[in-house]
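Quick note: the sequence shown uses the numbering used here, first residue 11, plus one each step.
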Amino acid sequence: MDIRLDRVRIPVAHESMPGAMLMPARELPGVLFVHGWGGSQIQDLTRAREAAGLGCVCVTFDLRGHGTREVSTTVSRAQNFADLVAAYDWMAAQPSVDADAIAVIGVSYGGYLAALLTAERPVRWLALRSPALYKDADWDQPKLSLHADPDLPAWRRRRVDAADNRALHACEAYRGDVLLVEAERDDIIPHAVIENYVAAFTHARSLTARLVADANHAFSSKTMQAEYTGLLIKWLTEMIAGARASAAARKVERHKRDIARAGPQRHGS
């Protein structure tokens, strides 16, 4: 993310004064939303609208096998991960998007895919709500078939090291900022999964973890949804405003050094 600084001269009384004009770059931060299994982009549109109000380009989309169609019984993690990569590449290629300032927001299965994405594409900010976790085996098999594994619920309650899981390994290597939101009464993603994600983010620039009291996995009430939206937008505001302020500070310091080297400036015509 960058800030534009132009040297200007301001006319006054047949003379001109030297000055500087700072403004946001023409390219804006991008925010990519990834819905959960069985969901659709409709669930992300309200938060995308809020994030767009921060001065971001926001993209929502339906993973294959989702959206207006009945959830597919044949779609695999490999296919949906390819969907996410394609959506990321499409957004990053838009002329209005700063490809160095992209946030990815994932929910449940979408959070799992978002974690994996950080190993393949630059993600500056990563927000995960109740991220799912799966064994690495059977990557190309239909996603629904994974739940036929009788060991999956127990496995999700165990400690899983980053070295033993592809998604957690990606989290361990991630160097950006992270928001991790947990539902207190999640009956699908146990607390141990959240602990495994937290333990994996050993190199993150920052890690913000929040627990939403009484929330279930789907955040099914308006109150739960509103609390999550508030947490997300507050975090995005801090991340984006902080990045813009840092970029502006660097430009200002460089401008100060240029002024100092040039010496006193006279008003001119």
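All C-beta atoms in this analysis are idealised placements derived from N, C-alpha and C, irrespective of residue type, glycine included.
Assigned with DSSP and collapsed to three states, residue 187 falls in strand. Contact annotation, residue 111 with residue 40: C-beta distance approximately 7 Å; criterion of less than 8 Å satisfied.
The DSSP assignment places complete beta strand (DSSP E) segments of no fewer than 3 residues inside the stretch 126–156 at 135–139, in order along the chain.
For the beta strand (DSSP E) assignment, the uninterrupted runs of no fewer than 3 residues enclosed by the stretch 34–119 are, from N- to C-terminal side, 38–44, 67–69, 107–117. Residue 139 sits close to residue 191, with the two beta carbons spaced by under 7 Å. Here DSSP, grouped into helix, strand and coil, assigns residue 240 to helix. With a threshold of 16 other beta carbon atoms within 10 Å, residue 128 meets it and is buried. Around the C-beta of residue 168, fewer than 16 other C-beta atoms lie within 10 Å, and the residue is accordingly described as exposed. Check the Cα spacing between residue 249 and each of 53, 189, 75: the tightest is with 189.
Excluding the 5 residues flanking it on each side, residue 114 has same chain C-beta neighbours closer than 7 Å at 42, 44, 124, 127, 133, 136, in chain order. Under the three-state reduction of DSSP, residue 263 is assigned to helix. Taking C-beta atoms under 8 Å as the contact rule, residue 255 and residue 222 fail to qualify, at a distance of about 29 Å. For residue 198, the three-state secondary structure derived from DSSP is coil. At the C-beta level, residue 108 and residue 37 come within 7 Å of one another. The stretch 140–147 makes no contact with the stretch 65–79: fewer than 3 CB pairs, one atom from each, lie closer than 8 Å.
Between the alpha carbons of residue 182 and residue 166 lies a distance of about 18 Å. Per DSSP, reduced to three states, the secondary structure at residue 16 is strand.
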